[in-house]
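Chains as they are written, first to last, in our numbering: chain A, 1 to 111; chain B, 1001 to 1114.
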């Protein structure tokens, strides 16, 4: 079964700092990859997704992610974070017609 | 119009009770899911239904029983509640033709077992 690793459990940044959150999945083949965001007290919302094509994917709110097949990675980036980006971020990979999620990264942006 | 709606949003109950959480989606999707999010925010798939057929049944105690009366509804019934069942339960839906593509989540149902 697929597993998803998010090595950064808790990240604290100041506003305007750059962000990179790591995500690795366990084995290759054709995969669909996702980043979801969960703002405090809210449900999960899709930030971006990769199915095929250009490995650099742009999502909402200025986020982007790069799929590197050789590294089994799909890292999330944002050049300049805002206080409103404070949330939990989940990487996910499709498997058996469901998504397997990583353990999440809590991002705290300080004003 | 809420795409995936769950009721109730909050549920506080005693150990040993039986409770249900309901989920409805109006997106026309054919696949629905239940995920459990524990206190550490870890999300784990519990069940998935496609067109009322159970397709994923993870290692979940048989006190948990999903029911899908039609493809727009997926309910979760829990018998003999235990303290460890306390969590947020998320319902989600997707279109199977996308092969587990984007999931649309409900707002979650926070279950607290005392």
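Note that CB positions come from ideal geometry on N, CA and C, so glycine has one too. All values derive from a computational prediction rather than experimental measurement.
_Three or more C-beta pairs under 8 Å: does that hold for the segment 81-99 of chain A against the segment 1085-1105 of chain B?_
Segments in contact, yes.
*In terms of residues, what are the limits of the beta strand (DSSP E) holding residue 35 (chain A)?*
Indexing the first chain from 1 puts residue 35 (chain A) at position 35. 33-38 is the span of the beta strand (DSSP E), which, as asked, contains residue 35 (chain A).
_Determine, for residue 1021 (chain B), whether the minimum Cβ-Cβ distance to residues of chain A falls below 9 Å._
Counting from 1 along the second chain, the entry for residue 1021 (chain B) is found at position 21. Cβ-Cβ to chain A under 9 Å: no for residue 1021 (chain B).
*Would you decide whether residue 1070 (chain B) is buried or exposed? Buried here means 16 or more other CB atoms lie within 10 Å of its CB.*
If you number the second chain from 1, residue 1070 (chain B) lands on position 70. With a 10 Å radius around the Cβ and a threshold of 16 neighbouring Cβ atoms, residue 1070 (chain B) comes out exposed.
*Hey, residue 11 (chain A) and residue 108 (chain A): beta-carbon distance below 9 Å or not?*
Position 11 of the first chain holds residue 11 (chain A). Position 108 of the first chain holds residue 108 (chain A). The answer is yes: Cβ separation under 9 Å.
*Spell out a yes or no on whether the segment 1031-1042 of chain B and the segment 1082-1090 of chain B are touching, meaning 3 or more CB-CB pairs, one atom from each, closer than 8 Å.*
The segment 1031-1042 of chain B is in contact with the segment 1082-1090 of chain B.
*Under the three-state reduction of DSSP, which class applies to residue 76 (chain A): helix, strand or coil?*
Within the first chain, the letter at position 76 stands for residue 76 (chain A). Collapsing the DSSP output to three states places residue 76 (chain A) in a strand.
*residue 92 (chain A) classed as buried or exposed, judged by whether at least 16 other C-beta atoms fall within 10 angstroms*: Mapped onto the first chain, residue 92 (chain A) falls at position 92. Buried.
*residue 27 (chain A), buried or exposed, once every other Cβ within 10 Å from all chains shown has been counted against 16*: For the purposes of this step, residue 27 (chain A) is taken as residue 27 along the first chain, with counting starting at 1. Counting Cβ neighbours within 10 Å, residue 27 (chain A) comes out exposed, since fewer than 16 surround it.
*Can you tell which of A:1, A:24, A:60, A:62 has its C-alpha closest to the C-alpha of residue 33 (chain A)?*
What you label residue 33 (chain A) is simply residue 33 of the first chain in a count that begins at 1. It is A:24.
_Members of the segment 1013-1040 of chain B that neighbour chain A once the beta carbon cut-off is set at 9 Å_ = Interface annotation for the segment 1013-1040 of chain B against chain A: 1031, 1033, 1035, 1037, 1040, criterion Cβ-Cβ distance under 9 Å.
*Between residue 1048 (chain B) and chain A, is there a C-beta pair that is closer than 9 Å?*
Working through the second chain from its first residue, we reach residue 1048 (chain B) at position 48. For residue 1048 (chain B), the answer is yes, since a Cβ of chain A falls inside 9 Å of its Cβ.
*Determine the chain B residues that contact residue 43 (chain A) at a beta-carbon separation under 7 Å, and present them in chain order.*
By one-based count along the first chain, residue 43 (chain A) stands at place 43. Within 7 Å Cβ-Cβ: 1090, 1105, 1106, 1107, 1108.
_Please list the terminal residues of the continuous beta strand (DSSP E) segment that includes residue 14 (chain A)._
One-based indexing of the first chain puts residue 14 (chain A) at position 14. In this chain, the beta strand (DSSP E) harbouring residue 14 (chain A) covers 10-14.
_Check this for me: beta carbons of residue 59 (chain A) and residue 44 (chain A), under 9 Å apart or not?_
On the first chain, residue 59 (chain A) is found 59 positions in, with the first residue counted as 1. On the first chain, residue 44 (chain A) is found 44 positions in, with the first residue counted as 1. Taking 9 Å as the Cβ cut-off, residue 59 (chain A) and residue 44 (chain A) do not qualify as a contacting pair.
*Tell me residue 97 (chain A)'s beta-bridge partners as DSSP assigns them.*
In the first chain, counting from the first residue as 1, residue 97 (chain A) sits at position 97. Residue 97 (chain A) is not bridged by DSSP to any residue.
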